[in-house]
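A quick write-up on the structure given underneath.
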Amino acid sequence: MAKKKTRINPLSDMPIWNREMETMPRAKLQKLQLERLKETLERAYQCIPFYRRLLNDARLKPTEVKSLADLNRVGFTTKQDLREHYPFGMLTVPLEQVVRIHASSGTTGKPTVGAYNKHDLAVWAEVMARVYTAAGVTKKDIVHNAYGYGLFTGGLGFHLGAEKIGATVIPMSGGLSKRQITLMEDFGATVLACTPSYALVLAETAHETELDFRSRMKVRVGIFGAEPWTEEMRQQIQERMNLEAFDIYGLTEIIGPGVSIECPEHNGLHIAEDHFLAQLIDSETGETLPNGGTGELVITTLTKEAMPMIRYRTRDRVTLTREKCACGRTVARMSKVQGRTDDMLIVRGVNVFPSQIEEVVLGADGVAPHYLIVLDRPKNELDNLEVWVEASPELWGLGHEAVEHVQARIYRDLQETLGLSARVSVLQPNAIQRSEGKAKRVIDKRELVK
Ligand code: DLL
4 MAKKKTRINP LSDMPIWNRE METMPRAKLQ KLQLERLKET LERAYQCIPF YRRLLNDARL
64 KPTEVKSLAD LNRVGFTTKQ DLREHYPFGM LTVPLEQVVR IHASSGTTGK PTVGAYNKHD
124 LAVWAEVMAR VYTAAGVTKK DIVHNAYGYG LFTGGLGFHL GAEKIGATVI PMSGGLSKRQ
184 ITLMEDFGAT VLACTPSYAL VLAETAHETE LDFRSRMKVR VGIFGAEPWT EEMRQQIQER
244 MNLEAFDIYG LTEIIGPGVS IECPEHNGLH IAEDHFLAQL IDSETGETLP NGGTGELVIT
304 TLTKEAMPMI RYRTRDRVTL TREKCACGRT VARMSKVQGR TDDMLIVRGV NVFPSQIEEV
364 VLGADGVAPH YLIVLDRPKN ELDNLEVWVE ASPELWGLGH EAVEHVQARI YRDLQETLGL
424 SARVSVLQPN AIQRSEGKAK RVIDKRELVK
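Numbering (this note's numbering), first residue to last: 4 to 453.
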């Protein structure tokens with residue numbers, strides 16, 4: 004895990020929202036997890052036929068669970084399972100006890116549903132309070148929340164946590180970027196919450212309106228997540244916005260944002276392990292991987308009531324460690340998401356992760372941090388990989404030769420990193436469409452051609 008130097012406050016000054024839970028000795032934490040696991044399994048077994056089957060197949064009665072390792076005998080829950088039980092087949096409570104529904108739009112088929120009873124909303128507020136506190140946010144802060152409000156969990160999840168810690172929250176949602184900049188300045192926002200790609204759009208909008216973000220804005224903390232982003236992207240955002248950027252992770256199926264968050268060490272994201280039991284598996288074999296390994300993150304909720312998840316396959320690839328962090332937290336830490344197991348592109352037989360391309364593109368001089376990966380398969384030909392990047396206005400101003408030079412450089416770097424050649428196009432500024440939420444970085448036309 005790459006360690007970041009930027010730190011605004013010394014660690015010793017950093018409060019921890021729930022010191023008891025976040026710094027609990029591991030043996031004690033595991034005992035608590037086991038207790039909660041048994042309760043969750045019992046609840047799921049009694050109320051949800053799908054889980055009763057899963058546990059019966061593993062010949063495991065919830066009352067017979069003796070250790071956390073027993074869970075390894077149980078099969079997985081996948082997105083497909085949720086789809087088959089859409090919309091409310093995974094509820095343990097009657098709908099009248101459900102007070103909130105969220106959903107995330109998938110690329111195919113029906114959305115994935117998340118349902119909460121009152122207790123679940125309290126859990127969510129608690130883990131989001133930990134998120135803010137880990138990022139150094141307090142009730143004195145003004146949180147500009149530009150995550151989308153609505154079915155997406157980002158907006159309301161960040162809203163809930165900000166209210167829990169007593170901060171002032173501006174419920175902006177996404178879009179209308181110029182207005183966002185104006186209000187951020189007028190209201191004196193000190194915290195920005197949005198996707199990393201939208202943070203860059205806001206930085207750019209400020210630049211276009213000739214507002215010097217670095218000197219005019221009071222924003223000192225950014226809490227960015229919901230999509231993969233690299234260390235290079237973090238550098239760009241921190242540089243342009245003069246803030247400390249924290250990575251936050253979460254997913255609708257588990258609770259929304261708040262599953263894990265970086266602390267000022269920036270050395271992995273702390274998982275709220277008293278609520279979410281994290282395991283790592285080899286996504287090919289399904290085998291559990293040891294501490295320190297890299298694989299697919301699998302999560303079992305320990306306190307969610309309305310819609311518990313048992314061994315949910317996130318498809319997110321991370322490294323997991325359980326070593327104590329210098330900040331004092333003892334809970335497991337995951338690396339930045341290194342990609343999704345279903346994100347991997349196979350180009351001419353070579354495995355390519357979009358994050359590898361992002362690292363090269365954002366590490367290059369003279370280009371803006373916006374890019375698009377386009378895949379095509381012309382009839383009877385090999386896959387065609389194109390990477391579109393935008394020139395910075397400065398580079399564009401230098402003319403054709405300078406642009407070609409940068410293009411050739413990126414081409415060489417990509418060839419070295421990926422082991423295959425990609426056609427690189429450095430385009431004029433603003434040529435690539437901006438996003439207000441999760442950025443779409445890959446256009447795979449191969450599926451359309453088939
Ligand atoms: O994206 C929840 C969220 C909202 C997280 C706001 C953080 C901030 P979904 O829409 O269900 O939920 O998408 C979940 O997004 O499985 C990951 O693949 C990806 N993802 C979420 N956070 C990160 C992150 C929200 N920090 C899916 N880095 C997950 C990389 C992330 N990928």
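Glycine included, each C-beta is placed from N, C-alpha and C at the ideal position.
For this session: Return yes when the Cβ of S358 is within less than 7 Å of the Cβ of T233, no when it is not.
Result: yes
Exercise. Which residues in the same chain have their Cβ closer than 8 Å to the Cβ of K36, if we skip the five residues on either side of it in sequence?
Worked result: According to the sequence displayed, residue 36 carries Gln and not Lys. Hits under 8 Å: L71, E276, D277, L280, L305.
Exercise. Does the distance from the C-beta atom of G151 to that of G177 stay below 7 Å?
Worked result: Taking 7 Å as the Cβ cut-off, G151 and G177 qualify as a contacting pair.
Exercise. Is H147 buried or exposed, if buried means 16 or more other CB atoms sit within 10 Å of its CB?
Worked result: buried
Exercise. Cβ of F227 within 7 Å of Cβ of P260?
Worked result: no
Exercise. Mind checking whether K307 and D73 have CB atoms under 7 Å apart?
Worked result: It is not a contact, given that the beta carbons lie outside the stated cut-off.
Problem set entry | Per-residue burial, V350 [other beta carbons within 10 Å of its own, 16 or more giving buried] | By the beta-carbon neighbour count (other beta carbons within 10 angstroms, threshold 16), V350 is buried.
Problem set entry | Per-residue burial, K113 [other beta carbons within 10 Å of its own, 16 or more giving buried] | exposed
For this session: Starting from Y150, trace the alpha helix (DSSP H) both ways and give me its first and last residue.
Result: Looking at the DSSP string, Y150 is not in any alpha helix (DSSP H), and its letter there is neither H nor E.
Exercise. Under a three-way DSSP split, which group does K453 fall into?
Worked result: Residue placement at K453 is poorly supported in this model, since its pLDDT is 38, which falls under 50; the coordinates still yield a value, given next. In this structure, K453 counts as coil in the three-state DSSP scheme.
Problem set entry | Buried or exposed (CB count within 10 angstroms, at least 16 for buried), P311 | buried
Problem set entry | Exposure label - R444; buried when at least 16 CB within 10 Å | buried
Exercise. Hey, G117 and T255: beta-carbon distance below 7 Å or not?
Worked result: Closer than 7 Å, so yes.
Exercise. Between which two residues does the beta strand (DSSP E) harbouring D379 extend?
Worked result: 370-379
Exercise. Roughly how many whole angstroms lie between the Cα atoms of I104 and A248?
Worked result: 29 Å
Problem set entry | the segment 282-298 contacting the segment 262-274, beta-carbon criterion three pairs below 8 Å | no
Exercise. What are the start and end residues of each continuous alpha helix (DSSP H) run of 4 or more residues lying completely inside the segment 277-310, in chain order?
Worked result: none
Problem set entry | Whole-angstrom distance between V224 and I376, CA atom to CA atom | 30 Å
For this session: Confirm the yes/no value for this check: CB of L254, any heavy atom of ligand 1, distance under 6 Å.
Result: yes
Exercise. Using a threshold of 6 Å, is the CB atom of P231 nearer than that to any non-hydrogen atom of ligand 1?
Worked result: Checking the Cβ of P231 against ligand 1 gives yes.
Exercise. Which class does Y89 belong to by DSSP, given the choice of helix, strand or coil?
Worked result: coil
For this session: Could you check what DSSP says for D319 in three-state terms: helix, strand or coil?
Result: Strand, per DSSP.
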